[in-house]
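Line by line, the protein sequences give chains Z and W.
Heads up, the first sequence is in our numbering, so the first residue is 1 and it goes up one at a time.
Heads up, the second sequence is in our numbering, so the first residue is 1001 and it goes up one at a time.
Here a beta-carbon is modelled for each residue, glycine too, at the ideal position from N, C-alpha and C.
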Amino acid sequence: MIISIASGKGGTGKTTIAVNLALSFKNVQLLDCDVEGPNAHIFIKPEIKRREPAYIPVPEVDETKCSYCGMCRKVCAYNAIAVFPPSDDNKKGSVLIFPHLCHGCGACSLLCPAMAIKEVNKGIGIIEIGGKDDLQFIHGRLNIGEAMSPPIIRQVKNYINPTRTVIIDAPPGTSCPVITAVKGSDFCILVTEPTPFGLNDLILAVEVVKKLKIPFGIVINCADIGDDNVDKYCQDNKIPILLRIPFDREIALLYSKGIPIVHAKKEYKEKFQNMFNSVSKLLTPRAL
Amino acid sequence: MKQIVIISGKGGTGKTVLTASFAALAKNKVMVDCDVDAADLHLLLQPVIKERHEFKSGKTARIDAAACQQCSKCINVCRFGAIRDDFTVDAISCEGCGLCSYVCFDGAIIMEENLSGEWFISDTKYGPFVHAKLGIAEENSGKLVAKIRQVAKEIAEKNAMDYVIVDGPPGIGCPVIASLAGADCALIVTEPTLSGLHDAERVIEVARHFKIPVKLVVNKYDLNPDMSDKIEYFCKENAIPVIGKIAFDKVVIESIVKGRTIVEYTNGKIKEEVVKIWEELKGFSQCR
Ligand code: SF4
Ligand code: SF4
């Protein structure tokens, strides 16, 4: 079973939920797919056993074969290639590649009539694989200055271990990175706060999971501050509320020190186990 | 005219609350919400939309079933797994590279332009406001960010305004890069947590990578004073001015619930601090 944790926006406690849920029972694999700012490792403190570079394939042109026909520039949907044919004043032509814009689709290399393009791997980040006690842990980290996070997220997800309960900490937002992370999950937990910001972001996150046709439920963090419009919204739309966590300076302090709640406040372990049970009940039999 | 971008590496650090206060404090400026994935600033600025524009970007493949010979070429070349076994396109996975349409000999694949979002120019009681809404599951938020920043800059230049103030997106990827490009100063808002420090370090690196001067504010510093000290120490080591420290206060949540900016909602200590931060930021000729 794959459960992803998303939120429309960061800072609502997504990582807290993912980490504490992962630590509340056995045979779990935790994937931190927030590759622009992975944080789960701060709480898990995993022993990293393996590191692998994350790549995307980008084109490299062999200009001894290139006829400067311009085909590669024409087919590249992301303007990652510029072709300068040899000019009258006898200058040599050239093909320029902008690797930051390249999505690694392979169109240029496949369609070059002169077979002048080969693909080379360009590192865009790193995948780290490890664990802590019984927990398997994998995360990805995007290099500074790189724009493209979905390829790393896909690479992290290649490590999904179907014999375990998989928990995915998704990135914030409603666009490509979060879609890439959440896609294929059996259930999605949306974390929010009872404020107008929280509600606004929650409605967007609900649209995302609906679009992906994934069953979902809500966790309300800092549940005792703000207003009750998030509750009303959930009631009106028949969205199950799986857990409420009150605002508590002690929890805030634990978070700031990188200590999982379930390690310091044992009663929370049961709360997370109960939440897991409610999630299991909401699932179609196929997923179990 | 100066462009100030407020970022955080991660959402939920209080960026938007602070940005909204700058809207109330700054005199002659345009406001921009570059968190196009999950925009929140409008909840505090209460804009009246004056202009609404479609944002078209990227393409998605569609297969004409009548023309398709089911040869599977498209399935074989697509690296994003976007073509299903029944020769229909999974629009969410399609990156719009168009390779399939080039390899299809029967001309059965049509690349259709996406309507990926909308952007707006609005009036607020604080002055003009440029904002946007990215469609759910649409990509290219970076391009939409670039677009609204461009529009804001034009408005500022036309009206001889002093500032463009930008509420930035979370993360360090493509939308953040697009909101930082060409800015005069980046203000980083962070929280005194291990992950807050971690996220701040990464986004500082991004800003430096693009040679944007950086200043920093620690929000909710009293939730973990030790960690706040660590962050300040880190900033000192790295020559980053810490221009403010804001205490945790439930009045912030109250002000959000009431849809007001914090500097207009309260006259307490927190207002003083925010005013001080704006005064520091505004005199950032020293920022360069
Ligand atoms: S398609 Fe091939 S031959 Fe044509 S310009 Fe590009 S690299 Fe050169
Ligand atoms: S692989 Fe695709 S995105 Fe990259 S340069 Fe070639 S055509 Fe453009």
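**Prompt:** Looking only at DSSP bridge pairs, what is residue 1127 (chain W) linked to?
**Reply:** Bridge partners of residue 1127 (chain W) according to DSSP: W:1124.
**Request:** Check the DSSP bridge columns for residue 32 (chain Z) and list the partner residues they point to.
**Result:** Residue 32 (chain Z) is bridged by DSSP to Z:139, Z:169.
**Asked** Say the cut is 7 angstroms; is the CB of residue 78 (chain Z) nearer than that to a heavy atom of ligand 2?
**Response** Result yes, Cβ under 7 angstroms from ligand 2.
**Message:** Using only the alpha-carbon positions, how far apart do residue 7 (chain Z) and residue 191 (chain Z) sit?
**Reply:** Whole-angstrom Cα-Cα distance: 5 angstroms.
**Message:** In chain order, what are the residue ranges of uninterrupted alpha helix (DSSP H) at least 4 long that sit wholly in the region 1020 to 1105 of chain W?
**Reply:** You should have 1042 to 1045, 1073 to 1077, 1099 to 1103.
**Prompt:** By Cβ distance, which residues of its chain are closer than 6 angstroms to residue 1184 (chain W), with the 5 residues on each side in sequence left out?
**Reply:** Excluding residues within five positions, the ones whose Cβ falls inside 6 angstroms are 1002, 1003.
**Item:** Residues that residue 95 (chain Z) bridges to, as DSSP identifies them
**Value:** Beta-bridge pairing by DSSP links residue 95 (chain Z) to Z:83.
**Message:** Between residue 75 (chain Z) and chain W, is the shortest Cβ-Cβ distance under 8 angstroms, so that the two count as touching?
**Reply:** It does; some Cβ of chain W falls within 8 angstroms.
**Message:** So the candidates are Z:178, Z:108, Z:217; which of them puts its Cα closest to the Cα of residue 1078 (chain W)?
**Reply:** Across the set Z:178, Z:108, Z:217, the C-alpha of Z:108 shows the shortest separation from the C-alpha of residue 1078 (chain W).
**Asked** Distance, Cα to Cα, residue 1181 (chain W) vs residue 1086 (chain W)?
**Response** Going by the C-alpha atoms only, they are around 43 angstroms apart.
**Rounded C-alpha distance that separates residue 33 (chain Z) from residue 53 (chain Z)** = Residue 33 (chain Z) and residue 53 (chain Z) have their C-alpha atoms some 15 angstroms from each other.
**For residue 1230 (chain W) and residue 1151 (chain W), the rounded distance between their alpha carbons** = One alpha carbon belongs to residue 1151 (chain W), the other to residue 1230 (chain W), and they sit about 39 angstroms apart.
**Request:** Find out if the Cβ-Cβ distance for the pair residue 1207 (chain W), residue 1186 (chain W) is shorter than 8 angstroms.
**Result:** Yes, Cβ-Cβ distance for residue 1207 (chain W) and residue 1186 (chain W) is below 8 angstroms.
**Item:** According to DSSP, residues forming a beta bridge with residue 50 (chain Z)
**Value:** Listed as beta-bridge partners of residue 50 (chain Z) by DSSP are Z:129.
**Message:** Let me check one thing: in DSSP terms, what residues is residue 1167 (chain W) bridge-paired to?
**Reply:** Partner residues in the beta bridge of residue 1167 (chain W), as assigned by DSSP, are W:1006, W:1033.
**Item:** residue 173 (chain Z): CB within 7 angstroms of a non-hydrogen atom of ligand 4
**Value:** With respect to small molecules bound, the structure shown includes ligand 1 and ligand 2 and not ligand 4.
**Item:** Option nearest residue 182 (chain Z) by Cα separation, candidates Z:201, Z:22, Z:195, Z:216
**Value:** Ranking Z:201, Z:22, Z:195, Z:216 by Cα distance to residue 182 (chain Z) puts Z:216 first.
**Prompt:** Hey, is residue 59 (chain Z) close to ligand 2, as in C-beta under 7 angstroms from one of its heavy atoms?
**Reply:** The answer is yes for residue 59 (chain Z).
**Prompt:** How many angstroms separate the CA atom of residue 1192 (chain W) from the CA atom of residue 1263 (chain W)?
**Reply:** Using only the alpha carbons, I get a separation of about 22 angstroms.
**Asked** Between residue 107 (chain Z) and ligand 1, is the CB less than 7 angstroms from at least one heavy atom?
**Response** The beta carbon of residue 107 (chain Z) sits no closer than 7 angstroms to any heavy atom of ligand 1.
**Asked** For the putative contact between residue 59 (chain Z) and residue 152 (chain Z), defined by C-beta atoms under 8 angstroms, what is the C-beta separation to the nearest angstrom?
**Response** Not really, about 20 angstroms apart at Cβ, beyond 8 angstroms.
**Request:** Sort W:1252, W:1259, W:1039, W:1236 by Cα distance to residue 1269 (chain W) and report the nearest one.
**Result:** Selection W:1252, W:1259, W:1039, W:1236 evaluated against residue 1269 (chain W) yields W:1252 as nearest (Cα-Cα).
**Prompt:** Can you give the Cα-Cα distance for residue 39 (chain Z) and residue 1013 (chain W), rounded to whole angstroms?
**Reply:** Straight-line Cα distance between these residues: approximately 15 angstroms.
**Request:** Would you tell me roughly how many angstroms separate the C-alpha atoms of residue 280 (chain Z) and residue 236 (chain Z), rounded to the nearest one?
**Result:** Computed Cα separation, rounded: 23 angstroms.
**Request:** Return the CA-CA distance between residue 1287 (chain W) and residue 256 (chain Z), expressed in angstroms with no decimal places.
**Result:** Low local confidence applies: a pLDDT of 48 at residue 1287 (chain W) is under 50, so the model's placement there is unreliable, with the coordinate-based value given in what follows. If I take the Cα positions, the gap works out to 30 angstroms.
**Message:** Which residues of the region 1198 to 1214 of chain W have a Cβ closer than 7 angstroms to any Cβ of chain B? Give them in chain order.
**Reply:** In the structure shown, chain B does not exist; the protein chains are Z and W.
**Item:** Contact set for residue 26 (chain Z): own chain, Cβ-Cβ below 8 angstroms, skip 5 residues either direction
**Value:** These residues qualify, in order along the chain: 134.
**Asked** Say the cut is 7 angstroms; is the CB of residue 75 (chain Z) nearer than that to a heavy atom of ligand 2?
**Response** Yes.
**Asked** So, does the CB of residue 54 (chain Z) fall closer than 8 angstroms to a CB anywhere in chain W?
**Response** No, because no Cβ of chain W sits closer than 8 angstroms to the Cβ of residue 54 (chain Z).
**Message:** Strictly by DSSP, which residues pair up with residue 124 (chain Z)?
**Reply:** According to DSSP, residue 124 (chain Z) bridges with nothing at all.
**Request:** Within the region 176 to 255 of chain Z, note down every full alpha helix (DSSP H) run reaching 4 residues or more, in order along the chain.
**Result:** If you keep only unbroken alpha helix (DSSP H) runs of at least 4 residues inside the region 176 to 255 of chain Z, you get 176 to 182, 196 to 211, 229 to 236.
**Message:** Please classify residue 288 (chain Z) as buried or exposed, where buried requires at least 16 other C-beta atoms within 10 Å of its C-beta.
**Reply:** Legend: pLDDT at residue 288 (chain Z) = 47, less than 50; position of this residue unreliable, no value from coordinates given.
**Asked** Who are the near neighbours of residue 275 (chain Z) in its chain, counting only those whose CB is closer than 6 angstroms to its CB and skipping five residues on each side?
**Response** So the qualifying residues of the chain are 242, 243.
**Request:** Check residue 23 (chain Z) in the structure and name its three-state DSSP category.
**Result:** In the three-state DSSP reduction, residue 23 (chain Z) falls in the coil class, being neither helix nor strand.
**For residue 9 (chain Z), the first and last residue of its enclosing beta strand (DSSP E)** = Per DSSP, residue 9 (chain Z) belongs to no beta strand (DSSP E) and is neither H nor E.
**Prompt:** Is it the case that the Cβ atoms of residue 1034 (chain W) and residue 1149 (chain W) are separated by a distance below 8 angstroms?
**Reply:** Going by C-beta atoms, residue 1034 (chain W) is nearer than 8 angstroms to residue 1149 (chain W).
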